Amino acid sequence: MNGLFRSTGVVAASTLASRILGLVRDMLMAAVFSATGATDAYYIAFRIPNLVRRLVGEGVFTISFIPVYTGHLVERGAAEAFDLARRTLAAFMAGLAVLVALSLVFAPQVVRVLAMGFDDPSQVEMTVAMFRIMLPYLLMAGFLAFSMGLLNSHKLFFAPAFAPVLLNAGIISGILVFSGYFEEPLYGVCVGVLAGGLLQVVLQVPYLARAGFRMRFSAAFNDPYVKRIFRRGLQGVIGMGSQQINILVASLMASFLAPGCISYIYFSDRLHELVLGLTAVSIGSVVLPEMSELSARKDYGRLGELYSIAVRSALFMAIPATAALMIAGFPIISVLLMHSRFTAHEAAMTYRALFCASSGIVGIAVCRITIPLYYALHDSRTPLYAALTSFAVNAACGYFLMRTPLGHAGLTLAVAIAATVQMAFLAVLLKRKDVSLRAGEIFLSVLKQSIAAGAMGVLVWYIAGFVDWEHDAFSRRALFLALLVTAGGGAYLALCLALRAPEARYLLGKLLRRK
């Protein structure tokens, strides 16, 4: 467990910095632009570049690349592994370049699909323009994904994990600086996306050199191993990227609802992702290379132990986070977003979406650990079928729930239901693998964590009742939110220690040794 927590700590610390800066970015977006038809246009335009970043940068490319690359490292040595990496990079960037060129030409058609409900021609035109400005970011995201796969395989986690910090810094500069140079200020935000992407790329280069990788052009599009990587990658786009695709579908459906609904879903997703980034994404990035290595060595006993530790570690944060966001979601939104043009009404609408979305955190967290295990075992079909099932569930539930009084919140509830179904699908079929899953240990940890989270939720609900989160002064709201976080986190950790949860005991030990 020590190695897992040490490496995860590097990724989680970088991710925390990114998420904090992301919150600053979202606070600025809410305060400066609020939730309007124009911001809906920006979030739709940003959805494709951001989707590509999430897909390739948070697992889709890496789960197809790392097992094959690690196999070369173990069986053939570093020289042949680097040759494979160069051939993969050439093919990947060539494919992305074609995609960017086609998207530039057919941008109006793409936007019409993503925003079917937009009926204002000026809003559609604005969306197309912003979409075209941000398209080159796809190339930067592709290079970042390649760097993440190679560096993580060499146990170098910092540069890929820290890269989103630079993207957020670029977008913040777009809000505060570049927006002043355009008649439509949101175009400046789009330029900030490109500036942040360039900074991300520059950061990776010295770390690639440290890993021993030298940038040389090596094209071999018929290489069987390159083909295997991209075949699995295409399946991974569906399997590992199911959550982001379901959110994209939710945004598409929200374009048929009132103006601002897309923005409400976006802001709730950002808070939702804060939790997942610190738990499942961080842990998943760390365990995939080790899972792939253990699978290549056929050490299935250790592989099952690693999976159990990873799931329990992810749920140690995901379970209390679910309770906290459901109970204290409005106080969080009130302090972080309710400024200037972002009113109490917008905060309430965002909270409705967040409350429903939070019910899917556990399902998403388990999927982010389980899907890499399937890929480490060279099974990409089962995650594909699980994802296709989640798409069907999301579309059907979303279509029905958006027509209920839940409205846009029904769409985030549909995404949560789909994630839970996907988790169940993967868990049931995982029993067929030659891996000891230690299900009893996982169940016992989940039981202890749930009891502690329930008691924590009661305490948070009680403290939150002392504040009028719509009308009280910001200083009072901020003070009590800090109290909520401190008291809730402390109570949860104390109860987990009392219940002898190993994750809590390890965390406390690490904290005490640092003092």
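Just so we're aligned, residue 18 is where the sequence shown starts under the working numbering, counting upward by one.
For every residue, glycine included, the Cβ atom is placed at its ideal position computed from N, Cα and C.
Values in this document were obtained by computation on a predicted structure and should not be read as measured data.
Supposed close pair residue i, residue j - CB separation, criterion 8 angstroms
i, j, result
"Leu354", "Phe284", "6 angstroms"
"Val85", "Ile246", "5 angstroms"
"Thr399", "Gln439", "Contact doesn't hold; Cβ gap of about 11 angstroms is too wide."
"His356", "Ala48", "4 angstroms"
"Phe359", "Ser51", "5 angstroms"
"Ala433", "Leu418", "With 8 angstroms as the limit, Ala433 and Leu418 do not qualify as a contact, their Cβ atoms being about 11 angstroms apart."
"Val218", "Thr105", "Actually they do not touch by this definition, with Cβ atoms about 17 angstroms apart."
"Ala470", "His425", "Incorrect: roughly 27 angstroms between the Cβ atoms, too far for contact."
"Leu332", "Ser462", "7 angstroms"
"Val328", "Ile459", "6 angstroms"
"Ser330", "Glu142", "With 8 angstroms as the limit, Ser330 and Glu142 do not qualify as a contact, their Cβ atoms being about 47 angstroms apart."
"Ile255", "Leu464", "Actually they are not in contact, since the Cβ atoms of Ile255 and Leu464 sit about 33 angstroms apart, beyond 8 angstroms."
Residues near residue i in its chain [Cβ-Cβ closer than 7 angstroms; skip 5 each side]
i, result
"Tyr224", "Leu168, Leu173 and Ala176"
"Ile37", "none"
"Gly321", "Val452, Ser453, Leu454 and Arg455"
"Ala504", "Leu476 and Ile480"
"Ile16", "One cannot answer for residue 16 here, as it falls past the ends of the chain, which runs 18 to 532."
Cut-off 8 angstroms between Cβ atoms - residues of its own chain near residue i, not counting five sequence neighbours on either side
i, result
"Gly507", "none"
"Arg531", "The predicted model places Arg531 with a pLDDT of 45, which falls under 50 and marks its position as unreliable; any figure quoted below should be read in that light. Closer than 8 angstroms at Cβ, skipping near neighbours: no residue."
"Val484", "Pro348, Arg493, Arg494 and Phe497"
"Leu423", "Arg369, Cys373 and Leu430"
Sequence-distant residues of the same chain with beta carbon closer than 6 angstroms to residue i, five excluded per side
i, result
"Arg535", "Given a span of 18 to 532 for the chain in the structure shown, any question on residue 535 remains unanswerable."
"Cys207", "Met147, Ile150 and Met151"
"Ala34", "Val182"
"Gly191", "Gly205, Val206, Val208 and Gly209"
"Ser376", "Ala433"
Proximity of residue i and residue j at Cβ, strictly below 9 angstroms
i, j, result
"Tyr324", "Ile386", "yes"
"Ile349", "Trp478", "no"
"Gly482", "Ala341", "no"
"Phe160", "Gln221", "yes"
"Leu498", "Val352", "yes"
"Thr339", "Ile282", "no"
"Leu68", "Leu116", "no"
"Ser268", "Arg70", "no"
"Phe199", "Ala162", "no"
"Arg103", "Phe234", "yes"
"Pro66", "Ala158", "yes"
"Gly39", "Arg314", "no"
"Ala403", "Gly258", "no"
"Leu501", "Ile468", "no"
"Leu311", "Ala393", "yes"
Collapsed DSSP secondary structure at residue i in the structure displayed
i, result
"Thr437", "helix"
"Gly258", "coil"
"Met44", "helix"
"Gly112", "helix"
"Gly277", "coil"
"Met18", "Confidence in Met18 is poor, its pLDDT being 46 and thus under 50, which makes the residue's placement too unreliable to answer from."
"Ala489", "Residue identity check: residue 489 is Asp in the sequence provided, not Ala. It is coil, neither helix nor strand."
"His89", "helix"
"Asn239", "coil"
"Met143", "helix"
"Leu512", "helix"
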